Amino acid sequence: MKKTLVLLMAIWAISQPVAADESVRVLDNWARASILASRPGAAYATIESALDDRLLGVTSPAAGHVMIHAIEKDGDVSRMKPVGALAIPAGKRVTLAPGSMHMMLMGLHDKLDEGATIPMTLSFEKSGEITVEVSVLGIAADGPENSERGAGQ
Ligand SMILES: [Cu+2]
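Read in order, the letters of the sequence shown are residues 2 to 154 in our numbering.
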């Protein structure tokens, strides 16, 4: 009887879903330095997940409010559009990059200084909350130099 219970416990343990930090990975996260705290900042990352998931929201103690924005082109005009929930398809990398999707930091408490890091918490529908340290790069940066995207192009 006791043996059966131990065996059942072992099976239960193995069949548990993988821990949150193993199913979703947030890579190459970075933010662009800002000149003034009164201007919104922008942060970027590459997100990949082993299972279909959705990024529901982002928070940071550095900002009053963080929005996920996409860029929508209307002729020659591009404008930012809030994304309610960002789909992260299983096994596919979703990249937030300048000129495209980004995390907009509204109501910055301080300007983002190059060399600093700010914590950001990404909330996923299935994987829960993942907090990453985001490196603040220079004002003209296009991404981390050692990123796969940067190295490949
Ligand atoms: Cu924006």
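We put the beta carbon where it would ideally sit given N, CA and C, even for glycine. All values reported here derive from a predicted model rather than from experimental measurement.
What is the DSSP secondary structure of residue i, reduced to helix, strand or coil?
i	result
S50	strand
S35	coil
S128	coil
S136	strand
Does the beta-carbon of residue i, which I'm using as the reference point, lie nearer than 7 Å to any heavy atom of ligand 3?
i	result
M81	Ligand 3 is absent from the structure shown, which contains only ligand 1.
In the DSSP assignment, the beta strand (DSSP E) including residue i goes from what residue to what residue?
i	result
L106	103-109
G65	64-75
V78	78-83
I89	87-89
Would residue i and residue j be called neighbours here (beta carbons separated by less than 8 Å)?
i	j	result
E130	P120	no
S50	A98	no
A46	L106	no
I72	S101	yes
L56	I48	yes
H66	P83	no
A38	D111	yes
A142	R33	yes
V59	M104	yes
T122	S61	yes
A64	G108	yes
G144	D53	no
S24	S124	no
D87	V95	Inspection of the sequence shows that residue 87 is occupied by Leu rather than by Asp. Yes, they are a contact pair.
Is residue i near ligand 1 - that is, is its Cβ less than 7 Å away from at least one heavy atom of it?
i	result
H103	yes
H70	yes
Taking Cβ positions only, does residue i come closer than 8 Å to chain C?
i	result
P99	In the structure shown, chain C does not exist; there is a single protein chain.
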